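Numbering (the numbering used here), first residue to last: 342 to 734. Here is the structure we will look at, set down as structure tokens.
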Ligand SMILES: [Zn+2]
């Protein structure tokens, strides 16, 4: 077993970096490791939802253009209250051909590989800058990346910000160059409560929400039945916008007219489209609903959309030197779309084209007893070194 790699992963997994808590202890650990390896390190200290968080930028190589960013997020999704855990999420365990713990696949295994690779790189031989960028708040709207991207040039000092980034999210070392945008919002139906024996004296919010859901369902069906031919190869499972009804809440008792009903909705639009176009289309169609319920009463419900929260898509150009390097280093021959969002959406805003490729398994991400195959874990450092050799030397 490789002591440094396993020990670093064990340390990283031991830090509780659930997005709602501060990632500072883990970020400081990474900063110290890269500093001791001779990298120039800058920490961006920010506040996300009132919690202090840290983004870490570690760079090496000469201050010339056309370097490479290798990036990953420090935070993880929660584990408390998640059914199915039979192991301690914060104590890495090695058993059989896997390592277990929160973040093994998503994505502290990759971070440990970055540390090990950084220790093996001959910094003097770099002809172009190599930048490691570790972010906070990825699992809660890519919030760390949104903060660090505008400050990257400043944090890098005399090193020009590279235009290519490799994000080691869990793909089982497949290469992805695209993902959809994500928009989330709520729809609230406010009716008028009362006794269920006199339904005409009120308006039932759940009944009206039923009409709203039908409108949403129709639009979803329309999109699903007209796939966009330009994206059939990139998103073979769903070459169209996809929608999800996440939660619904409403009503108080079976014998009361439901006064309020709220649904939480999210959708993902294809790259290139205005992420908010579908939101506006839904608003427009919902505005035409007859907001009476079915009881022939005179009252109408109020239907309101919350402001949308939108995160950008990714659609990196094909055939970049980074794509070639990742293909050579991993043996991959095709690039597809990823079914999840990444920090790369914000990187793209700053003109940084990202590719996604990492040792973790998507099926393991966010799961109880999250794990990572040891062969993928042990193989990753050599892949990083190979890509660095091809890109920065
Ligand atoms: Zn992730």
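Just so it is clear, CB atoms sit at the ideal spot from N, CA and C, and this is done for glycine as well. Owing to the predicted nature of the structure, the values given are computational and were not obtained by experimental measurement.
- For residue 507, DSSP records a beta bridge to 411, 696.
- Between residue 546 and residue 601, the gap from beta carbon to beta carbon is short of 8 Å.
- A distance of 8 Å or more separates the beta carbons of residue 605 and residue 591.
- A distance below 6 Å between beta-carbons, with the five flanking residues on each side excluded, links residue 612 to the following residues of its chain, in chain order: 519, 654, 656.
- Here residue 386 carries a strand assignment [DSSP, helix/strand/coil].
- For residue 466, there is no enclosing beta strand (DSSP E), as DSSP marks it with neither H nor E.
- By the 16-neighbour rule on beta-carbons within 10 angstroms, residue 716 is exposed.
- By the criterion of a C-beta distance shorter than 7 Å, residue 564 is surrounded in its chain by 581, 582, once the five residues flanking it on both sides are discounted.
- Residue 675 is classed as exposed because its beta carbon has fewer than 16 other beta carbons within 10 Å across all chains shown.
- By alpha-carbon distance to residue 392, the top candidate from 453, 421, 444, 484 is 484.
- Comparing alpha carbon positions, the residue from 562, 632, 471 closest to residue 497 is 471.
- DSSP places residue 620 within a helical segment (H, G or I) once states are collapsed to three.
- Residues 440, 445, 446, 450, 701 of the same chain have their beta carbon placed closer than 6 Å to that of residue 713, with the five preceding and five following residues left out of the count.
- Per DSSP, residue 609 lies in no alpha helix (DSSP H); the unbroken beta strand (DSSP E) holding it starts and ends at 601-610.
- Three or more beta-carbon pairs separated by less than 8 Å link the region 405-421 to the region 448-467, which places the two stretches in contact.
- The closest CA to that of residue 686, considering only 482, 663, 394, 543, is found on 482.
- Rounded to the nearest angstrom, the Cβ distance from residue 637 to residue 541 is 6 Å, consistent with a contact under 8 Å.
- Within the DSSP bridge table, the entry for residue 381 names 400 as partners.
- Within its own chain, no residue has a Cβ closer than 8 Å to the Cβ of residue 344 once the five positions on either side in sequence are excluded.
- Residue 684 is positioned such that its CB atom lies closer than 8 Å to that of residue 508.
- In terms of Cα proximity to residue 692, the closest of 480, 504, 352, 418 is 504.
- For residue 590, the uninterrupted beta strand (DSSP E) run begins and ends at 583-591, by DSSP.
- For residue 637, there is no enclosing beta strand (DSSP E), since its DSSP letter is neither H nor E.
- Using a C-beta cut-off of 8 Å, the region 360-374 makes contact with the region 383-398, since at least three inter-stretch Cβ pairs fall below that distance.
- By the beta-carbon neighbour count (other beta carbons within 10 angstroms, threshold 16), residue 619 is buried.
- Around residue 575, the same chain offers 519, 677, 678 as residues with beta carbons nearer than 7 Å, after the five sequence neighbours per side are excluded.
- Per DSSP, reduced to three states, the secondary structure at residue 727 is helical.
- For residue 585, the closest alpha carbon among the candidates 567, 598, 554 is that of 554.
- With fewer than 16 other CB atoms across the displayed protein chains lying within 10 angstroms of its CB, residue 631 is exposed.
- Here residue 539 is exposed: its Cβ has fewer than 16 other Cβ atoms, across all protein chains shown, within 10 Å.
- When the beta-carbon positions are compared, residue 368 and residue 475 come within less than 8 Å of each other.
- The criterion of a C-beta distance shorter than 8 Å is not satisfied by residue 511 and residue 642.
- The set of residues with a C-beta under 7 Å from any non-hydrogen atom of ligand 1 comprises 414, 447, 448, 479, 480, 510, 511, 706, given in chain order.
- Under DSSP, residue 646 shares a beta bridge with 528.
- Secondary structure at residue 651: strand, using DSSP grouped into helix, strand and coil.
- In chain order, 534, 535, 536, 537 place their CB closer than 8 Å to the CB of residue 597, counting only its own chain and leaving out the 5 sequence neighbours on each side.
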